[in-house]
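Inspection log for the structure reproduced underneath, given as structure tokens.
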Ligand code: GLU
Ligand code: ZN
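Residue numbers (the numbering used here): 1230 to 1695.
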């Protein structure tokens, strides 16, 4: 029997999948696939008011777009399901009962105010603000009396006193916590719902999860979750905590940098393979610095290659991987970017001409306008290039413009009449015809353009240069 390997992604569907979560999902998926293991998707929607079905649907769509698949999830049940926490209430109830039975958990009748006062006096005395254990030893009569006052109990986990809690973090190495620093913590809220850290570990155990990679913000939950698993007589998963994903200058990701998420990048036209190549390298390094196929991303995923420093997201890197992805993209895909923006039937020739200048669909739109549409008057560097060339340059170009635009003939005419060659010839010509200082080969663009367009732009350039 092979040793089972199960990893998971456990998002709370409370908004768009931001890049940090997308990276967590990708890492867990790569990790599972690398070990020929299972990958499951669990929706942590216990907080019913904050999530809705459409968010689950779009979350799954975004993960699929990124290239992830799951062996079990909300849309793919198995014996360990259901995979939505909102449907697992009875399982949590059973686990609460088991813990109470073993006196590993007890009802706490303290009010919010009482807890707050205890917290303040602990802080004032220079002690850590943990639960003072007020209800830890209440007998059944005392409990009944408090319930009789109308107090509604939470359920607290009884943390063993004086213990050292140690575990090996998959990313951070050996970790130690003093149990006395934790304090007995709430596992069931007064409204009867399970606390996040409780349902999270109960489900991991029930779903056979063996390995968890998650954000560093969960480090403090880990000793508590390991205690819960142990009290339930179960083996907790092995946890690894990933450094944060940050934006420029180490600040949390701003909206502009993509904190709003994967869906936005998708709408802008970023290709999933580009996003995957980027995310897989944020906090993880590959021996190969160049483009990696999905299979290679899986093959090269190693815990040892996970970094400890915050991972920096930067748009320039995203553009780099997008360029690589577009370079590898099928003609069909890029023709999709051109469709509706170029004359029907011209998609393939257009893409063949401008391909190297496409990064996003917006670029296809821009180049389509340059080739087939109308442009505002040139300005900036382009205008300067035109003015510097002088009117006579464009006179010659206009004379050299044959009935059927022929690039070779136009260039030959310009060379002969102006004595110019190289950049001195091509730069003003490009500026006048495309209103750009650089771009695709003119030889490839010209045959796509109507003679009237070329002529009008040369006339306009001549007027500017006069
Ligand atoms: N629902 C939790 C989150 O989104 C999951 C944490 C974990 O992976 O254990 O942060
Ligand atoms: Zn209490």
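Ideal Cβ placement from N, Cα and C applies to all residues, glycine included. Computed from a predicted model, the values in this text were never measured in an experiment.
**Asked** Could you give the uninterrupted runs of the beta strand (DSSP E) lying entirely in the segment 1438-1505, keeping only those of 3 residues or more?
**Response** DSSP runs (the beta strand (DSSP E)) wholly in the segment 1438-1505: 1440-1444, 1467-1471.
**Request:** Pull up the DSSP beta-bridge partners for residue 1236, would you.
**Result:** 1268, 1440
**Item:** residue 1236 versus residue 1513 - alpha carbon distance
**Value:** About 17 Å.
**Asked** Where does residue 1321 sit, in a helix, a strand or coil, going by DSSP?
**Response** helix
**Request:** Whole angstroms is fine: what's the gap from residue 1356's alpha carbon to residue 1339's?
**Result:** 20 Å
**Request:** Check each residue's C-beta against every heavy atom of the ligand ZN and list, in chain order, those closer than 6 Å.
**Result:** 1337, 1338, 1339, 1363, 1364
**Request:** Could you spell out where the alpha helix (DSSP H) holding residue 1689 opens and where it closes?
**Result:** 1680-1694
**Request:** Determine the direct distance from the alpha carbon of residue 1460 to that of residue 1354, and round the result to whole angstroms.
**Result:** The alpha-carbon atoms of residue 1354 and residue 1460 are separated by roughly 32 Å.
**Request:** Using a threshold of 8 Å, state whether the C-beta atoms of residue 1385 and residue 1413 are closer than that.
**Result:** yes
**Prompt:** Beta carbon of residue 1517, beta carbon of residue 1536: below 8 Å?
**Reply:** No.
**Asked** What is the residue span of the beta strand (DSSP E) that residue 1414 lies within?
**Response** Looking at the DSSP string, the run of the beta strand (DSSP E) that includes residue 1414 is 1414-1417.
**Asked** Sorry if obvious, but does the Cβ on residue 1317 come closer than 7 Å to a heavy atom of the ligand GLU?
**Response** no
**Asked** Mind checking residue 1466: buried by the 16 CB within 10 Å criterion, or exposed?
**Response** By the 16-neighbour rule on beta-carbons within 10 angstroms, residue 1466 is buried.
**Item:** Bounding residues of the beta strand (DSSP E) (the contiguous stretch that carries residue 1402)
**Value:** 1402-1407
**Cut-off 6 Å between Cβ atoms - residues of its own chain near residue 1532, not counting five sequence neighbours on either side** = 1399
**Request:** Could you check what DSSP says for residue 1246 in three-state terms: helix, strand or coil?
**Result:** coil
**Message:** Run through the DSSP bridge pairs and tell me what residue 1383 is partnered with.
**Reply:** 1337
**Through-space distance from residue 1294 to residue 1247, alpha-carbon basis** = 14 Å
**Request:** Tell me whether residue 1592 sits in a helix, a strand or coil according to DSSP, three-state version.
**Result:** helix
**Request:** With hydrogens ignored, establish whether the beta-carbon of residue 1239 is closer than 7 Å to any heavy atom of the ligand GLU.
**Result:** yes
**Message:** Let me confirm a value: residue 1403 is counted as buried when at least 16 other C-beta atoms fall within 10 Å, else exposed. Which label applies?
**Reply:** exposed
**Prompt:** With DSSP run on the structure shown, which of helix, strand or coil describes residue 1377?
**Reply:** Looking at residue 1377 - three-state DSSP - the assignment turns out to be helix.
**Request:** Starting from the Cα of residue 1457, find the closest Cα among 1251, 1331, 1594, 1620 and give me that residue.
**Result:** 1331
**Item:** Contacts around residue 1654, its chain only, beta-carbon distance under 6 Å, and the 5 residues preceding and following it disregarded
**Value:** 1643
**Own chain residues within Cβ distance below 8 Å of residue 1473, not counting five before or after** = 1249, 1444, 1445, 1446, 1481, 1539, 1540
**Prompt:** Rounded C-beta distance between residue 1505 and residue 1296? I'm assuming under 8 Å.
**Reply:** 6 Å
**Request:** Over the uninterrupted beta strand (DSSP E) stretch that includes residue 1393, give me the two end residues.
**Result:** 1393-1398
**Item:** Buried/exposed call for residue 1633, threshold 16 Cβ in 10 Å
**Value:** By the neighbour-count criterion, in which 16 or more other beta carbons inside 10 Å mark a residue as buried, residue 1633 falls on the exposed side.
**Request:** Take residue 1361 as the anchor and find which of 1455, 1662, 1271, 1348 has the nearest alpha-carbon.
**Result:** Comparing C-alpha distances from residue 1361 to each of 1455, 1662, 1271, 1348 shows the shortest one belongs to 1348.
**Item:** Spatially closest choice to residue 1225 from 1694, 1600, 1291, 1264, by CA coordinates
**Value:** For the chain, the structure presents residues 1230 to 1695; residue 1225 sits outside this window and is missing.
**Asked** Given that a residue counts as buried once 16 or more other Cβ atoms are within 10 Å of its Cβ, and exposed if not, what is residue 1281?
**Response** exposed
**Prompt:** Is residue 1263 helix, strand or coil by DSSP?
**Reply:** helix
**Request:** Quick one: give me the first and last residue of the alpha helix (DSSP H) that residue 1587 is part of.
**Result:** Unbroken run through residue 1587: none, as it is neither H nor E.
**Request:** State whether the segment 1425-1442 contacts the segment 1260-1279, with contact taken as three or more CB pairs (one from each stretch) at a distance under 8 Å.
**Result:** yes
**Item:** Extent of the continuous alpha helix (DSSP H) to which residue 1556 belongs
**Value:** 1544-1557
**Prompt:** How is residue 1305 classed by DSSP in three states: helix, strand or coil?
**Reply:** strand
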